[in-house]
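Structure first, then comments.
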Amino acid sequence: MEFIIATPDQVTFAKEVNQYYPNILTEDALLFIRQLHRKFNKQRLELLDKRKGQQAYFDKGHYPEFPKETQAIREGEWSVDVIPEDLMDRRVEITGPVDRKMVINALNSGAKTFMADFEDSNAPSWANTIKGQQNLLDANNKTIALIDEKRGKHYKLNTETAVLLVRPRGLHLNERHVLVDGEEVSGSLFDFGLYVFHNTKILMENGTAPYFYLPKLEHYLEARWWNAVFEYAQAYLGVPQGTFKATLLIETITASFQLNEFIYELRDHIVGLNCGRWDYIFSYIKKFRNHEGFMVSNRDQVTMTTPFMAAYSNLVIQVCHKRGIHAMGGMAAQIPIKNNPKANEEALEKVRLDKEREAKNGHDGTWVAHPALVEVAMKEFDKYMPTPNQIFRKREDIKVTEADLVALPKGSITEAGIRKNINVGILYMEAWLRGYGAVALYNLMEDAATAEISRTQVWQWLKNEAVLEDGRVFNQELFDAIFDDEVEKIIREVGEAQIKDTKFCDAITLFKRLVIADEFEEFLTLSAYRQL
Numbered sequence: 171m172e173f174i175i176a177t178p179d180q181v182t183f184a185k186e187v188n189q190y191y192p193n194i195l196t197e198d199a200l201l202f203i204r205q206l207h208r209k210f211n212k213q214r215l216e217l218l219d220k221r222k223g224q225q226a227y228f229d230k231g232h233y234p235e236f237p238k239e240t241q242a243i244r245e246g247e248w249s250v251d252v253i254p255e256d257l258m259d260r261r262v263e264i265t266g267p268v269d270r271k272m273v274i275n276a277l278n279s280g281a282k283t284f285m286a287d288f289e290d291s292n293a294p295s296w297a298n299t300i301k302g303q304q305n306l307l308d309a310n311n312k313t314i315a316l317i318d319e320k321r322g323k324h325y326k327l328n329t330e331t332a333v334l335l336v337r338p339r340g341l342h343l344n345e346r347h348v349l350v351d352g353e354e355v356s357g358s359l360f361d362f363g364l365y366v367f368h369n370t371k372i373l374m375e376n377g378t379a380p381y382f383y384l385p386k387l388e389h390y391l392e393a394r395w396w397n398a399v400f401e402y403a404q405a406y407l408g409v410p411q412g413t414f415k416a417t418l419l420i421e422t423i424t425a426s427f428q429l430n431e432f433i434y435e436l437r438d439h440i441v442g443l444n445c446g447r448w449d450y451i452f453s454y455i456k457k458f459r460n461h462e463g464f465m466v467s468n469r470d471q472v473t474m475t476t477p478f479m480a481a482y483s484n485l486v487i488q489v490c491h492k493r494g495i496h497a498m499g500g501m502a503a504q505i506p507i508k509n510n511p512k513a514n515e516e517a518l519e520k521v522r523l524d525k526e527r528e529a530k531n532g533h534d535g536t537w538v539a540h541p542a543l544v545e546v547a548m549k550e551f552d553k554y555m556p557t558p559n560q561i562f563r564k565r566e567d568i569k570v571t572e573a574d575l576v577a578l579p580k581g582s583i584t585e586a587g588i589r590k591n592i593n594v595g596i597l598y599m600e601a602w603l604r605g606y607g608a609v610a611l612y613n614l615m616e617d618a619a620t621a622e623i624s625r626t627q628v629w630q631w632l633k634n635e636a637v638l639e640d641g642r643v644f645n646q647e648l649f650d651a652i653f654d655d656e657v658e659k660i661i662r663e664v665g666e667a668q669i670k671d672t673k674f675c676d677a678i679t680l681f682k683r684l685v686i687a688d689e690f691e692e693f694l695t696l697s698a699y700r701q702l
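Numbering-wise (my numbering), the sequence shown opens with residue 171 and increments by one.
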């Protein structure tokens with residue numbers, strides 16, 4: 171049955187939209203989206219334009235600095251608003267896309283919180299995006315359920331569930347299916363706006379509120395933009411200022427130089443910062459990609475103990491605790507390895523050591539990508555953090571300089587590293603183009619951030635003709651040979667007859683175009699979104 175929905179003046183849908191989800195896309199909800207767009211989209215585009223100027227500055231060989239104009243904020247004695255009771259203990263957070271089964275399983279996982287993701291682990295097809303909003307509304311109403319007839323399973327919420335946080339899309343992404351005044355609306359405003367419009371009252375009646383993770387911010391002016399969005403939305407919905415709460419993902423290299431400033435701009439709404447490690451590595455390579463002699467070794471060699479990564483993690487802890495908020499650790503991307511107990515044990519030990527390090531250093535919690543990792547992470551934080559958090563640990567012993575934050579890691583570039591980047595990049599893109607944003611590959615949960623590292627490294631190594639560990643130069647000829655070989659392997663594994671029923675041809679073409687392009691494309695999802 172086709173529903174026709176009432177739309178406010180100057181709100182239209184893209185031609186390919188043929189499902190309107192009238193329970194979510196109500197006239198009043200779309201009116202709110204229209205108001206958000208008209209008030210905030212112009213400034214969003216201006217902020218994105220400022221990023222281009224910043225990149226031009228880095229391309230001349232410069233590095234970020236602690237902003238001189240905000241020295242008083244960094245050195246001042248101030249702290250933020252109170253953290254809500256249900257966010258005081260966040261020792262283990264699980265993350266994942268907003269599909270119905272994931273939402274139920276994550277809320278039931280035993281983790282303290284669940285970050286429902288409209289961003290890197292969600293391929294933003296029209297159906298994924300709007301059904302995701304419905305899934306979260308049903309979860310907040312405690313009515314969400316799923317019957318899997320093939321498996322004979324019935325999924326429903328436990329009595330006790332994780333606290334829900336929501337990650338809208340980054341500022342760079344549009345929602346191309348909805349237009350206001352003929353312009354595509356911001357994915358950030360669309361995801362945020364629909365969620366708060368439908369859920370604020372329900373959440374407050376349940377003794378909680380809308381909680382968010384804000385991704386990929388590069389400058390404190392972007393945090394100021396989000397703060398203004400929060401203030402406007404709270405006023406529009408008639409709730410007290412400070413009701414909405416946010417944790418910022420520190421996943422761009424420039425953000426590390428402005429931690430105090432980010433917190434200050436959102437001081438009435440912020441409850442924490444999180445070390446988004448995979449996007450951070452991507453940003454580090456991307457921002458300095460045109461520096462002479464700047465080359466980052468194989469992705470697997472860059473860990474949280476790598477000096478520039480350790481510096482950033484420690485600085486987040488120090489600054490957060492000084493300002494009275496949580497310093498959240500990073501993602502454990504491992505997933506259980508079935509039918510290989512030894513390999514599974516080794517993977518779980520990697521997770522345990524990672525979480526032990528975070529807890530000992532002073533992080534107040536951490537991320538996992540799979541329910542089976544919740545217990546491993548929980549044990550380490552229970553062991554080293556008997557209190558709800560460690561904000562009382564001020565870590566005044568930490569000294570991090572500008573140079574520490576950008577120190578080039580030591581390591582090697584190998585043919586195996588090139589092959590893995592090509593293989594993982596293509597496999598992930600193919601799944602993304604089919605509508606899957608979180609993909610299990612080689613016993614790791616890959617999302618857009620890890621795929622970004624893969625294609626960015628290949629682009630940079632090729633453009634700079636990197637010298638491999640064995641002495642060969644990674645030039646166009648060698649790339650073509652390795653790329654063609656990896657593509658042949660994929661075709662053999664999928665089957666020549668079956669490959670036409672997949673998105674591999676599109677993914678192979680897109681990956682190659684991105685890595686051989688003269689000009690680097692800021693986000694692979696910008697091109698891929700048009701093919702989704």
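Where is the CB? At the ideal position from N, CA and C, for every residue including glycine.
Within the same chain, Thr-417, Ile-495, His-496 and Met-498 come within 6 Å of Gly-442 by CB-CB distance, once the 5 residues on both sides are set aside.
Straight across, the Cα-Cα distance linking Ile-686 with Leu-702 is about 22 Å. Taken in chain order, the unbroken stretches of beta strand (DSSP E) that lie wholly in the segment 492 to 530 and span 3 residues or more are 496 to 502. Between Val-570 and Leu-485, the gap from beta carbon to beta carbon is short of 9 Å.
The Cβ atoms of Asp-259 and Gly-535 sit closer than 9 Å to each other. Residue environment: Pro-380 is assigned as buried (16 or more neighbouring CB atoms within 10 Å of its CB, all protein chains considered). In this structure Pro-294 is buried. Its beta-carbon is surrounded by 16 or more other beta-carbon atoms within 10 angstroms. When the five nearest sequence neighbours on each side are left out, the beta carbons in the same chain lying within less than 6 Å of the beta carbon of Ile-568 are those of Asn-484 and Gln-488, in order along the chain. Around the C-beta of Ser-697, fewer than 16 other C-beta atoms lie within 10 Å, and the residue is accordingly described as exposed. Minimum Cα-Cα distance from Pro-338 among the listed residues Glu-516, Tyr-482, Gln-668 and Tyr-365 corresponds to Tyr-365. Excluding its 5 nearest sequence neighbours in each direction, Leu-201 has C-beta neighbours in its own chain below 6 Å: Pro-178, listed in chain order. Taking C-alpha positions only, Phe-681 is separated from Val-252 by approximately 46 Å.
Within the same chain, and ignoring the five residues on either side of Glu-462 in sequence, the residues whose Cβ sits closer than 8 Å to its Cβ are Gly-231. Secondary structure within the segment 328 to 381: the beta strand (DSSP E) runs of 3 or more consecutive residues, fully enclosed, are 333 to 337, 344 to 350 and 353 to 356 (chain order).
By alpha-carbon distance to Ile-317, the top candidate from Leu-359, Glu-431 and Lys-271 is Lys-271.
With a 10 Å radius around the Cβ and a threshold of 16 neighbouring Cβ atoms, Arg-662 comes out exposed.
Within its own chain, the residues whose Cβ lies closer than 6 Å to the Cβ of Lys-457, once the five positions on either side in sequence are excluded, are Phe-228 and Ile-423, listed in chain order.
Closest by C-alpha distance to Glu-263, out of Gly-500, Gln-428 and Leu-327, is Gly-500. Residue range 618 to 633 is occupied by the alpha helix (DSSP H) that includes Thr-626. The Cβ neighbour count for Gly-377, taken over all protein chains shown within 10 Å, is under 16; the residue is labelled exposed. Between the alpha carbons of Glu-375 and Cys-490 lies a gap of roughly 30 Å. Assignment of Tyr-383 by DSSP, reduced to helix, strand and coil, places it in the strand class.
By the neighbour-count criterion, in which 16 or more other beta carbons inside 10 Å mark a residue as buried, Thr-283 falls on the buried side. In the DSSP secondary-structure assignment, Gly-280 is not bridged to any residue. Cβ atoms of Phe-464 and Pro-234 stay farther apart than 8 Å, at about 14 Å. Counting only the Cα atoms, Met-555 lies some 40 Å from Arg-321. Linking Thr-473 to Arg-261 through their CA atoms gives a straight-line distance of about 21 Å. Here DSSP, grouped into helix, strand and coil, assigns Ile-669 to helix. Ala-539 is a Cβ neighbour of Gly-266, given a cutoff of 9 Å.
Contact between the segment 306 to 317 and the segment 402 to 412 is absent, with fewer than three C-beta pairs closer than 8 Å. A Cβ-Cβ separation of about 5 Å places Ala-636 in contact with Phe-644 under the 8 Å criterion. Looking only at Lys-238, Ala-199 and Ile-660, the smallest Cα-Cα distance to Phe-360 is reached by Ala-199.
Judged by their CB atoms, Ala-502 and Trp-537 are nearer to each other than the 9 Å cut-off. Apart from sequence neighbours up to five positions away, the residues of its chain that approach Thr-672 with a beta-carbon distance below 8 Å are Glu-600, Arg-604 and Val-664, ordered along the chain. In the assembly as shown, Pro-477 is an exposed residue. Its beta-carbon has fewer than 16 other beta-carbons within 10 Å. Within a 10 Å sphere around the beta-carbon of Arg-700 sit fewer than 16 other beta-carbons, which makes this residue exposed.
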